[in-house]
Amino acid sequence: MKTNSIGLRWLAVVVLLGVCSESTMVWADDRWNVERQRLLDDRSVIAYYDFQEGVGTVLKNKAKTGAVLDGTIHDAGWEQGRWPGKKAIRFNGKSSVVEIAAHELLCPLDKKQGGGGEMTIEVWMLAKVCGNGGILDKSSNGTAANSSYAIWMSGSRLVAYMGRQSGGKVLVTADDDVMDKDEWIHLAITINDQQMSIYRNGVRVGVVKRDAVEISDNGQPLLIGAIGKGFWNFNGLMDEVVIHKRALSEVEIERRASYVPDAFEPAGPPAITLLSPRGGESLNGGSWHRIRWASQKVSARDLVKIEWSGDDGRAWTEIAPSAPNTGEFVWQASSSTPSTQCRVRVSTSPSKLVAQSDRPFSIVPAQDVPAYEWVKVTLAAPFAPRDGLGALTFKGRMWLLGGWNPSDKQHFPRICNNEVWSSQDGAAWILEKPNTFKD
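Right, here's the structure in full:
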């Protein structure tokens, strides 16, 4: 009897792929369960939300502190998390929030309540919409000075705040680069007596010196997925949140960020790939552009040297000697040497991996205006003082859009307003649309 050896070989490959996929998934889940048990046994963990309920409106605290720190889920659904079998909460960007009732355990920064003055917060998250969105907030109600701590996205950048300090001081640190949507990241902030740091995927991307040691609790709930109730709601997924009553070290943060592998471990040796600019693009000189790369089996603690060439790789100019291996770097393209033969090269250390643009791209002359002239038109504009308003010119008029001012309850009853003003000359203004953001 003849057999089709080719068909049998394909059958064997299909079966083998199925077994490998299933075993790889089990391996990822097993590794996570080992780390999960370590957190459950760790008495320095104040709150641990593993998001494995998958149904209902209660987010359970699995740490030893117990149900007193359970959260109530408002207007959010359940979806798959980082891998099949991992659960996540889907925040809709409008009204979704998880609320955890006020408790002194939630503010270990407050020494008067018995806290040690330190803490770490970890969040596994995926943004569906970048821009502005609250991630975790000790009920700031729109102004950071009222919150012991808060984390959010502002202009698609990760930002950490610490308030409730003597003298009304507020500390802030932020990631220099913007986030990408539809990408799982590990976010962490650590606070000790010396500084507050923010980490993305195990790499520190922001730090600020801490001057004031005394921090007070505001006695308000902890919110996940929003800044204050009704402000800057998060649009995306979260599938794990951990709060420690101590500041983790950089080594601990890197390990925590990498303890769960991708659902499918990439095959092959360590490698680095340049994603942009890959070639064929046209970049404005003097403008800021993102250099992006992907690392496979490369430590997040490796440093990356970034260079560019204007003569198709014959000579190279250093952009950054030792950038963190975050996969992104914002570069101001040269405005002095336009060229159609440009390339970018990235190399890692100590792993000594190299990648560059597949083909040349162009840098064209800068489009910026070298000098602007400002003229004071009026000191008696009819609209109330504000911060962060939008401004644009359209059909021969200047338009002012919205803004915010937490201390002016008359014109900003909900901190932000949405009124619209326009002017032809900057002196005479017309209220085109009154504010409708009211209590």
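The numbering of the sequence shown is our numbering, which starts it at 8 and goes up by one.
Beta carbons are placed, not taken as given, at the ideal position from N, Cα and C, and that holds for glycine.
The structure presented is a predicted model; accordingly, all values stated were derived computationally and were not measured.
Within the same chain, show all residues whose beta-carbon is closer than 7 angstroms to that of His-110, passing over the 5 residues directly before and after it, in chain order.
-> Position 103 of the sequence shown holds residue 110. For His-110, where only same-chain residues beyond five positions count, the Cβ hits under 7 angstroms are Val-75 and Leu-76.
What does the alpha-carbon distance come out to for the pair Val-215 and Thr-127?
If you number the sequence shown from 1, residue 215 lands on position 208. If you number the sequence shown from 1, residue 127 lands on position 120. In a straight line, the C-alpha of Val-215 is about 15 angstroms away from that of Thr-127.
* C-alpha distance - Leu-230 paired with Ser-102, whole-angstrom precision -> Locating residue 230 in the sequence shown gives position 223, counting from the first residue. Locating residue 102 in the sequence shown gives position 95, counting from the first residue. Going from the Cα of Leu-230 to the Cα of Ser-102 covers about 12 angstroms.
| query | Under the three-state reduction of DSSP, which class applies to Leu-113: helix, strand or coil? | reply | In the sequence shown, residue 113 corresponds to position 106, counting from 1. If DSSP states are grouped into helix, strand and coil, Leu-113 belongs with the helices.
- [ ] Over the uninterrupted alpha helix (DSSP H) stretch that includes Val-258, give me the two end residues.
- [x] In the sequence shown, counting from the first residue as 1, residue 258 sits at position 251. Looking at the DSSP string, the run of the alpha helix (DSSP H) that includes Val-258 is 257-265.
Discussion item. DSSP three-state label for Val-41, please.
Written reply: Stepping through the sequence shown from its first residue, residue 41 is reached at position 34. Three-state result, Val-41: helix.
Return yes when the Cβ of Trp-315 is within less than 8 angstroms of the Cβ of Arg-350, no when it is not.
Along the sequence shown, one-based indexing puts residue 350 at 343. Along the sequence shown, one-based indexing puts residue 315 at 308. Contact: yes.
Q) Which partner residues does Cys-137 have in the DSSP bridge list? A) Working through the sequence shown from its first residue, we reach residue 137 at position 130. The secondary-structure analysis by DSSP pairs Cys-137 with nothing; it has no beta-bridge partner.
Which whole-angstrom value is the C-beta distance of Leu-133 and Val-105, which I expect to be below 8 angstroms?
Within the sequence shown, numbered from 1, the residue matching residue 133 stands at position 126. Within the sequence shown, numbered from 1, the residue matching residue 105 stands at position 98. With a Cβ gap of about 16 angstroms, Leu-133 and Val-105 do not count as contacting.
- Query: Between the C-alpha atoms of Trp-436 and Pro-372, what's the straight-line distance to the nearest angstrom?
  - Reply: For the purposes of this step, residue 436 is taken as residue 429 along the sequence shown, with counting starting at 1. For the purposes of this step, residue 372 is taken as residue 365 along the sequence shown, with counting starting at 1. Their Cα atoms are separated by approximately 37 angstroms.
Distance, Cα to Cα, Lys-71 vs Val-52? Against the sequence shown, residue 71 aligns to sequence position 64. Against the sequence shown, residue 52 aligns to sequence position 45. Rounded to whole angstroms, Lys-71 and Val-52 show a C-alpha spacing of 8 angstroms.
Cβ-Cβ distance between Gly-292 and Ser-342 below 8 angstroms
Walking along the sequence shown from the start, residue 292 turns up at place 285. Walking along the sequence shown from the start, residue 342 turns up at place 335. Yes.
With 16 as the cutoff for other CB atoms within 10 Å, does Asn-425 come out buried or exposed? Taking the sequence shown and counting its residues from 1, the one referred to as residue 425 is at position 418. With fewer than 16 other beta carbons inside 10 angstroms of its own, Asn-425 counts as exposed.
Quiz item: Which residues in the same chain have their Cβ closer than 8 angstroms to the Cβ of Pro-357, if we skip the five residues on either side of it in sequence?
Solution: By 1-based counting over the sequence shown, the position of residue 357 is 350. Excluding sequence neighbours, Pro-357 sits near Asp-309.
The beta strand (DSSP E) that contains Pro-328, what's its start and end? Numbered from 1 along the sequence shown, position 321 holds the residue referred to as residue 328. In the DSSP assignment, Pro-328 falls within the unbroken beta strand (DSSP E) covering 324-331.
Spatially closest choice to Pro-367 from Val-384, Pro-441 and Arg-285, by CA coordinates
Counting from one through the sequence shown, the residue named residue 367 turns up at place 360. If we check each option's Cα against that of Pro-367, Arg-285 comes out closest.
Discussion item. Taking 8 angstroms as the limit between beta carbons, can you name the residues of its chain near Gln-363, skipping five residues before and five after?
Written reply: As a first step, residue 363 is located in the sequence shown; it is residue number 356 there, counting from the start. Excluding sequence neighbours, Gln-363 sits near Leu-281, Gly-320, Arg-350, Val-351, Arg-352 and Val-353.
- Message: Per DSSP, what are the beta-bridge partners of Trp-315 in this structure?
- Response: Locating residue 315 in the sequence shown gives position 308, counting from the first residue. Paired residue(s): Thr-324 and Val-351.
Note to self: For the beta strand (DSSP E) containing Leu-396, name the first residue and the last one.
What the structure shows: Along the sequence shown, one-based indexing puts residue 396 at 389. Looking at the DSSP string, Leu-396 is not in any beta strand (DSSP E), and its letter there is neither H nor E.
Problem - Buried versus exposed, by CB contacts within 10 Å (16 or more), Gly-403 - result: Sequence index remark: in the sequence shown, residue 403 carries index 396 (1-based). Per the 10 Å Cβ criterion, exposed.
- Which one of Lys-252, Ile-234 and His-251 has the shortest CA to CA distance from Arg-421? Position 414 of the sequence shown, counting from 1, holds the residue named residue 421. Among Lys-252, Ile-234 and His-251, the Cα nearest to that of Arg-421 belongs to Ile-234.
One question on the structure: do Ile-279 and Leu-360 come within less than 8 angstroms of each other, judged by their Cβ atoms? By one-based count along the sequence shown, residue 279 stands at place 272. By one-based count along the sequence shown, residue 360 stands at place 353. Yes, they are a contact pair.
- Rounded Cβ spacing between Val-427 and Leu-399 (contact assumed at less than 8 angstroms): In the sequence shown, the residue the question calls residue 427 occupies position 420. In the sequence shown, the residue the question calls residue 399 occupies position 392. With 8 angstroms as the limit, Val-427 and Leu-399 do not qualify as a contact, their Cβ atoms being about 11 angstroms apart.
* Straight-line CA distance for Phe-401 to Met-245? -> Taking the first residue of the sequence shown as 1, we reach residue 401 at position 394. Taking the first residue of the sequence shown as 1, we reach residue 245 at position 238. Distance from the CA of Phe-401 to the CA of Met-245, rounded to the nearest whole angstrom, comes to 40 angstroms.
ask   = Are the beta-carbon atoms belonging to Ile-107 and Leu-113 less than 8 angstroms from one another?
value = To locate residue 107, count along the sequence shown from 1; it is residue 100. To locate residue 113, count along the sequence shown from 1; it is residue 106. For Ile-107 and Leu-113, yes; Cβs fall inside 8 angstroms.
Quiz item: When the distance is taken between beta carbons, is Thr-180 closer than 8 angstroms to Ala-195?
Solution: Looking up residue 195 in the sequence shown gives position 188. Looking up residue 180 in the sequence shown gives position 173. Here Ala-195 is not near Thr-180, since their CB atoms are 8 angstroms or more apart.
### Message
If I measure Cβ to Cβ from Gln-339 and keep anything under 6 angstroms in the same chain, skipping five residues before and after, which residues do I get?
### Response
One-based indexing of the sequence shown puts residue 339 at position 332. Taken in chain order, the residues that qualify are Trp-295.
_Nearer than 7 angstroms: is that true of the beta carbon of Asn-332 relative to any heavy atom of the ligand FMN?_
This structure simply doesn't include the ligand FMN, nor any ligand for that matter.
| query | For Cys-137, which option in Asn-240, Ala-387 and Ser-283 has the closest C-alpha, if you only look at C-alpha atoms? | reply | Taking the first residue of the sequence shown as 1, we reach residue 137 at position 130. Of the candidates Asn-240, Ala-387 and Ser-283, Asn-240 places its Cα closest to the Cα of Cys-137.
Compare the beta carbon distance of Asp-318 and Gln-348 with 8 angstroms and say whether it is the shorter of the two.
Position 311 of the sequence shown, counted from the start, is the residue given in the question as residue 318. Position 341 of the sequence shown, counted from the start, is the residue given in the question as residue 348. Taking C-beta atoms as the reference points, Asp-318 and Gln-348 count as a pair closer than 8 angstroms.
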